[in-house]
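As you go down the protein sequences, you meet chains A and B in turn. When the first sequence is numbered by numbering that gives the first Met the number 0, its final residue is 170 and no position is left out of the sequence of numbers. When the second sequence is numbered by numbering that gives the first Met the number 0, its final residue is 102 and no position is left out of the sequence of numbers. By construction, the Cβ of each residue, glycine as well, lies at the ideal position given by its N, Cα and C atoms. Values in this document were obtained by computation on a predicted structure and should not be read as measured data.
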Amino acid sequence: MSIDFFLPYLSGLSLAIGTLALVVGSLGLIRLPDVFSRIHAVGMMDTAGVGFIVLGMMIHEGFSLISVKLAAVAVFLFFTSPIATHAVAQVAHKSGFSPVATGAGTTAKKAARKKPTKVKARAGAKATAKTKPAGKAQKTKTAKTVATKKTANKAVKKANKKSTGRRDDAS
Amino acid sequence: MMFGLALAGCGVAMILALIRAAKGPTAFDRVLAVNAIGTIIILGVALHGFVMERPEFVDISILYAVLNFIGTFAILKLFATGGLGDRGGNARITAGSDKPKEG
Chain A
0 MSIDFFLPYL
10 SGLSLAIGTL
20 ALVVGSLGLI
30 RLPDVFSRIH
40 AVGMMDTAGV
50 GFIVLGMMIH
60 EGFSLISVKL
70 AAVAVFLFFT
80 SPIATHAVAQ
90 VAHKSGFSPV
100 ATGAGTTAKK
110 AARKKPTKVK
120 ARAGAKATAK
130 TKPAGKAQKT
140 KTAKTVATKK
150 TANKAVKKAN
160 KKSTGRRDDA
170 S
Chain B
0 MMFGLALAGC
10 GVAMILALIR
20 AAKGPTAFDR
30 VLAVNAIGTI
40 IILGVALHGF
50 VMERPEFVDI
60 SILYAVLNFI
70 GTFAILKLFA
80 TGGLGDRGGN
90 ARITAGSDKP
100 KEG
């Protein structure tokens with residue numbers, strides 16, 4: 000009896016918390032400085048937002064087939080969205096980006112200005128380590144540099160000009 | 000009532016993510032924003048089903064979750080290897096050159 004009285008409020012509270020997590024996560028997606036920290040905001044949207052909103056819908060629905068399907072959606076997103084964000088981070092890291100770790104109050108422009116030095120260091124380290132498969136890797140340099148757009152392209156070009164001249168090391 | 004408000008919040012979050020997808024400085028920002036928009040759409044379709052009192056829309060949500068996952072991975076594979084694994088691209092060559100023992 001008392002549980003039935005409180006269930007709509009519990010459902011509404013869950014929906015409100017989930018919606019708040021979605022909005023805060025998308026605000027973080029706008030305001031955070033680089034890709035690797037925006038992944039953090041998207042991770043909050045995918046776990047807290049999806050979890051609480053699906054929980055609210057399940058409480059409202061009760062135990063039925065719809066509720067089981069909602070649980071299936073939540074479980075699928077719970078497993079696949081970390082995989083997707085990890086893949087984004089891995090591909091971004093492979094194509095020459097490195098996370099900006101420069102103190103508080105750093106805006107995106109300052110971070111972008113500081114980026115080429117880090118990328119250059121990383122490209123130099125890889126150029127010494129990776130000498131064997133150079134023959135095969137040389138073939139695909141044009142296709143690989145397509146992936147690195149605007150800011151990364153400048154950084155990678157500047158880094159490779161200083162290193163041994165192989166353009167595919169940073170990507 | 001509560002579902003309508005949650006749907007409006009999803010709309011606000013989607014607009015904010017769309018701004019990031021439009022002005023993201025790199026391609027990975029856009030991929031991340033599109034992935035987030037897909038997640039919001041999954042929730043939005045389910046919430047819309049509850050608002051319209053037809054909760055069977057959850058099936059479309061499941062389908063959209065699968066498509067969002069596959070689409071994100073297809074874009075990322077295209078960025079990483081320059082092809083999607085068919086004859087046109089050179090995905091096999093670059094994937095082989097990543098392994099240290101092959102060469």
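Membership of V44/B in the alpha helix (DSSP H) is indicated by the continuous run 26-50.
Proximity of the segment 0-9 of chain A to the segment 66-76 of chain A falls short of the contact definition, fewer than three beta-carbon pairs being nearer than 8 Å. Per DSSP, D33/A is not a residue of any alpha helix (DSSP H), being assigned neither H nor E.
In terms of beta-carbon proximity, G84/B stays away from the interface with chain A, with every pair separated by 8 Å or more.
Across the set I29/A, V22/A, L19/A, the C-alpha of I29/A shows the shortest separation from the C-alpha of K22/B.
Residue contact with chain A for M1/B: present (Cβ-Cβ distance below 8 Å to some residue of chain A). The continuous alpha helix (DSSP H) containing L4/B extends over residues 1-22. A check of alpha carbon separations from N67/B across T25/B, R53/B, L31/B, P54/B identifies L31/B as the nearest. Under the 8 Å Cβ criterion, the segment 18-27 of chain A counts as touching the segment 37-56 of chain A, having at least three qualifying pairs. Taking 8 Å as the cut-off, the Cβ atoms of A26/B and F72/B do not count as close. Fully contained in the segment 42-104 of chain A are the following alpha helix (DSSP H) runs of length 4 or more, in chain order: 49-60, 64-93. Within the segment 49-77 of chain A, those residues whose Cβ lies closer than 8 Å to any Cβ of chain B are, in chain order, V49, I52, V53, G55, M56, H59, E60, I65, K68, L69, A71, V72, F75, L76. Taking a 10 Å sphere around the C-beta of H85/A, we find fewer than 16 other C-beta atoms and assign the residue as exposed.
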